[in-house]
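Trainee: Residue numbers (the working numbering), protein chains in the order written: chain R, 12 to 122; chain L, 9 to 121. Where a beta carbon is used, it is the ideal one built from N, C-alpha and C, also for glycine. As the structure is a prediction and not an experimental result, all values here were calculated from the model.
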Amino acid sequence: NAGVTQTPKFQVLKTGQSMTLQCAQDMNHNSMYWYRQDPGMGLRLIYYSASEGTTDKGEVPNGYNVSRLNKREFSLRLESAAPSQTSVYFCASSGSNYGYTFGSGTRLTVV
Amino acid sequence: DAKTTQPPSMDCAEGRAANLPCNHSTISGNEYVYWYRQIHSQGPQYIIHGLKNNETNEMASLIITEDRKSSTLILPHATLRDTAVYYCIVSPQGQDSNYQLIWGAGTKLIIKP
Chain R
12 NAGVTQTPKF
22 QVLKTGQSMT
32 LQCAQDMNHN
42 SMYWYRQDPG
52 MGLRLIYYSA
62 SEGTTDKGEV
72 PNGYNVSRLN
82 KREFSLRLES
92 AAPSQTSVYF
102 CASSGSNYGY
112 TFGSGTRLTV
122 V
Chain L
9 DAKTTQPPSM
19 DCAEGRAANL
29 PCNHSTISGN
39 EYVYWYRQIH
49 SQGPQYIIHG
59 LKNNETNEMA
69 SLIITEDRKS
79 STLILPHATL
89 RDTAVYYCIV
99 SPQGQDSNYQ
109 LIWGAGTKLI
119 IKP
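See the structure below:
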């Protein structure tokens, strides 16, 4: 099915470890986004990419880096994970006036 | 801070119409009203959007007041599968822009048998 695919679905990290969350979309969308969602909260934008080759900071970029590898793929990297980064991470894409398409999320726990 | 205000929770009987209100009193002339829902920690799902006219699709209807300061999402025949958190968001010129969407806490809608 067309949509946004995120990997992995679950991850447990130790404090200080690094990891990369992968996201790919097959809808030929220009824009892609990374959000985090803490329990009982709405989504907060970490980084976004309006088009291939460009990235910009969102509301909560500290501790994260991103790469827009090509039009399909947008990855999020945690260089040195901290317990405060325990959250659910959602990738999304958009290419029209008909709303964002979200992935199913990555549930990350940092111990 | 979110640019919209929604009640934290609502109940609705299965088979009845669910009416979810949203206040956006500071909405600008170029901002659309978007509705999303999130079912049990899944990724949010787009429902509908509008600028100033009422809109309807296969999922829901959106009623926007004439002054555009509030809107109502209507699920005409709610089912148990409509239990979710519903988010109302305002965004200018459609969402394929560099605008940072601000997500509030939404309304938790519980459909009861």
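Helix, strand or coil for Leu88(L), going by three-state DSSP, please let me know.
Mentor: The residue you call residue 88(L) lines up with position 80 of the second sequence. It is helical.
Trainee: What three-state label does DSSP hand Pro100(L) in the structure shown?
Mentor: Working through the second sequence from its first residue, we reach residue 100(L) at position 92. Residue state, collapsed to three classes: strand.
Trainee: Which residues of the stretch 24 to 53 of chain R have a Cβ closer than 9 angstroms to any Cβ of chain L? Give them in chain order.
Mentor: Taking 9 angstroms as the Cβ-Cβ cut-off against chain L, the residues of the stretch 24 to 53 of chain R that qualify are His40, Asn41, Ser42, Tyr44, Tyr46, Gln48, Gly51, Met52, Gly53.
Trainee: For Gly74(R), which residues in chain L fall below 7 angstroms Cβ to Cβ?
Mentor: In the first sequence, residue 74(R) corresponds to position 63, counting from 1. By Cβ distance, chain L contributes nothing, its closest Cβ being about 18 angstroms from Gly74(R), past 7 angstroms.
Trainee: Curious, which full-length alpha helix (DSSP H) runs of at least 4 residues does the stretch 20 to 52 of chain R contain?
Mentor: Taking only runs of at least 4 residues, no alpha helix (DSSP H) segment lies wholly in the stretch 20 to 52 of chain R.
Trainee: Per DSSP, which residues does Gln17(R) bridge with? Please list them.
Mentor: Taking the first residue of the first sequence as 1, we reach residue 17(R) at position 6. Partner(s): Cys34(R).
Trainee: Provide the residue span of the beta strand (DSSP E) that contains Gly58(L), from first to last.
Mentor: Taking the second sequence and counting its residues from 1, the one referred to as residue 58(L) is at position 50. Here the beta strand (DSSP E) through Gly58(L) covers 53 to 58.
Trainee: May I ask you to list the residues that DSSP assigns as paired with Lys119(L)?
Mentor: Looking up residue 119(L) in the second sequence gives position 111. Rather than Lys, the amino acid found at residue 119(L) in this sequence is Ile. In the DSSP output, where bridge partners are listed per residue, Ile119(L) has Cys20(L).
Trainee: For the beta strand (DSSP E) that Glu39(L) lies in, which residues bound it at each end?
Mentor: What you label residue 39(L) is simply residue 31 of the second sequence in a count that begins at 1. Segment 39 to 46, the beta strand (DSSP E) holding Glu39(L).
Trainee: Along chain R, in chain order, which residues have C-beta atoms closer than 7 angstroms to that of Gly51(L)?
Mentor: Here the question's residue 51(L) lines up with position 43 in the second sequence. What Gly51(L) touches in chain R: Phe101, Phe113, Gly114, Ser115, Gly116.
Trainee: If Gly27(R) sits next to Ala103(R), beta carbons under 8 angstroms apart, how far is it from one beta carbon to the other, in whole angstroms?
Mentor: Counting from 1 along the first sequence, the entry for residue 27(R) is found at position 16. Counting from 1 along the first sequence, the entry for residue 103(R) is found at position 92. Gly27(R) to Ala103(R), Cβ: 29 angstroms. No contact.
Trainee: Measuring straight from C-alpha to C-alpha, what distance separates Tyr100(R) and Leu119(R)?
Mentor: Taking the first residue of the first sequence as 1, we reach residue 100(R) at position 89. Taking the first residue of the first sequence as 1, we reach residue 119(R) at position 108. Approximately 7 angstroms, taken between the alpha carbons.
Trainee: Scan the stretch 53 to 70 of chain R for residues whose Cβ lies nearer than 8 angstroms to a Cβ of chain L and list them as they occur along the chain.
Mentor: Against chain L - using a Cβ distance shorter than 8 angstroms - the residues of the stretch 53 to 70 of chain R are Gly53, Leu54, Arg55, Leu56, Tyr59, Ala61, Asp67, Gly69, Glu70.
Trainee: Helix, strand or coil: which one does DSSP assign to Pro94(R)?
Mentor: Working through the first sequence from its first residue, we reach residue 94(R) at position 83. Residue state, collapsed to three classes: helix.
Trainee: Are there 16 or more other CB atoms within 10 angstroms of the CB of Ser36(L), so buried, or fewer, so exposed?
Mentor: Walking along the second sequence from the start, residue 36(L) turns up at place 28. Exposed, because fewer than 16 other Cβ atoms sit within 10 Å of the Cβ of Ser36(L).
Trainee: So, Ser43(R) versus Arg79(R), is the Cβ gap smaller than 9 angstroms?
Mentor: On the first sequence, position 32 is the one that residue 43(R) refers to. On the first sequence, position 68 is the one that residue 79(R) refers to. Here residue 43(R) turns out to be Met, not Ser, going by the sequence shown. Yes. Within cutoff.
Trainee: Is there a Cβ of chain L sitting closer than 9 angstroms to that of Val77(R), yes or no?
Mentor: Residue mapping note: residue 77(R) aligns to position 66 of the first sequence, counting from 1. No, no contact with chain L.
Trainee: So, with DSSP's three-state summary, where would you put Ser36(L)?
Mentor: Taking the second sequence and counting its residues from 1, the one referred to as residue 36(L) is at position 28. Note: Ser36(L) maps to coil in three-state DSSP.
Trainee: Give the DSSP bridge partners of Ala128(L), in chain order.
Mentor: Summary: the structure shown does not reach residue 128(L), with chain L confined to residues 9 through 121, and so no result is reported for it.
Trainee: Can you give me the Cβ contacts of Lys68(R) inside the same chain, cut-off strictly under 7 angstroms, excluding the 5 residues immediately before and after it?
Mentor: Locating residue 68(R) in the first sequence gives position 57, counting from the first residue. Correct list, in chain order: Tyr58.
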